[in-house]
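Residue numbers (the working numbering): 23 to 121.
Ideal placement from N, C-alpha and C gives every residue a C-beta, glycine not left out.
Every value quoted in this text rests on a predicted model; they were computed, and no experiment measured them.
Everything below concerns the one structure shown next.
Okay, here's the thing in structure tokens:
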């Protein structure tokens, strides 16, 4: 199965690390926005897909940057949000393949 956009973002964060308050470096730790930016440079649909998934994952009203940079935010929470996004992407892949 092909890697989903959210899986690419999560892989990047697990490989290079996660940070708050800045986009980060190539290679190096990234905030969620930075990881999205760098992954979208490699695969343009990533940005659009992630924003769509972001809002469908219950993050309405919050920007990705403000959510990522919230004091006390942990990488485990970022990972859990991306896992929810991955589940949505996988479900949509299954539906499109069955039609």
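- In the DSSP assignment, residue 64 falls within the alpha helix (DSSP H) that extends over 54-64.
- In this structure residue 75 does not touch residue 102 by the C-beta definition: roughly 13 angstroms separates them, more than the 8 angstroms allowed.
- Between residue 28 and residue 84, the C-beta gap is not smaller than 8 angstroms, which leaves the two residues out of contact.
- Using a 10 angstroms sphere on the CB of residue 77, the tally of other CB atoms stays under 16, which defines it as exposed.
- With a 10 Å radius around the Cβ and a threshold of 16 neighbouring Cβ atoms, residue 117 comes out exposed.
- Out of 55, 33 and 50, the CA that lies nearest to the CA of residue 88 is found in 55.
- Residues 51 of the same chain have their beta carbon placed closer than 6 angstroms to that of residue 39, with the five preceding and five following residues left out of the count.
- In the DSSP assignment, the residues bridged to residue 40 are 52.
- Using a 10 angstroms sphere on the CB of residue 48, the tally of other CB atoms stays under 16, which defines it as exposed.
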